[in-house]
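In full-length UniProt numbering, the protein residues as written are 1 to 136. Backbone N, C-alpha and C fix where the C-beta goes; we use that ideal spot for every residue, glycine too.
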Amino acid sequence: MSQRTLVILKPDAVRRGLVGEIIGRIERKAGWTILAMELRTLDEETLEAHYGEHKGKVFYEPLMGFMASGPSVVLVVEGERVIEGLRQLAGPTDPIAAAPGSIRGDFGTIVRENLIHASDGEESAERELKLFFPGL
Ligand code: IDP
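Next comes the structure, spelled out in structure tokens:
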């Protein structure tokens with residue numbers, strides 16, 4: 001079942017020089033392809049549309065500030081069960097709870113600065129792909 005998913009390497013991943021490491025892990029999964037990739041500083045409008053479900057939560061404003069604090073790398077990845085697969089590669093939201101071997105588990109400590117976003121299902125993948133890469 002070939003799918004497409006939206007991945008964001010967050011500003012902490014770019015600042016810490018982990019882009020190559022993380023993309024390398026994605027590239028090494030058999031049969032997955034990077035269809036689009038761009039270094040992009042995310043604007044408020046895009047971030048509000050992307051993280052709107054969290055509006056009103058205590059972590060929302062700091063999350064917005066962090067996500068706009070520097071360039072991110074946004075990617076579209078295509079391949080077999082790539083939505084579930086990328087969530088597995090990323091690990092759970094809290095990097096301390098994430099298993100070693102996952103991206104968050106290997107490199108993260110702070111919940112907000114957890115390095116990577118990956119769409120959490122088919123519906124959100126479709127919405128996020130349209131938001132970040134409308135022409136694709
Ligand atoms: P996900 O990125 O694992 O899908 P979500 O619950 O959708 O997790 O949260 C979006 C992002 O908001 C997280 O990746 C993380 O950066 C941040 N976040 C979520 N929960 C918290 C929290 O309790 N404290 C601080 N930041 C949080």
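query: Could you say which of Ser2, Glu21, Leu6 and Gln3 lies nearest to Arg104 if we only look at CA atoms?; result: Glu21
query: Any idea what DSSP makes of Thr46, helix, strand or coil?; result: helix
query: List the endpoints of the continuous alpha helix (DSSP H) containing Leu89.; result: Val82 to Ala90
query: Mark Pro95 as exposed unless 16 or more other C-beta atoms lie within 10 angstroms of its C-beta, in which case mark it buried.; result: buried
query: When DSSP builds the beta bridges, which residues end up paired with Met37?; result: Leu75
query: Among Pro71, Ala36 and Ala30, which has the Cα closest to the Cα of Pro134?; result: Ala36
query: Answer yes or no: the CB of Thr93 versus the heavy atoms of ligand 1, is any distance below 6 Å?; result: yes
query: Using CA atoms only, rank isn't needed, just tell me which of Ala99, Ser72, Arg112 and Ala125 is closest to Leu18.; result: Ser72
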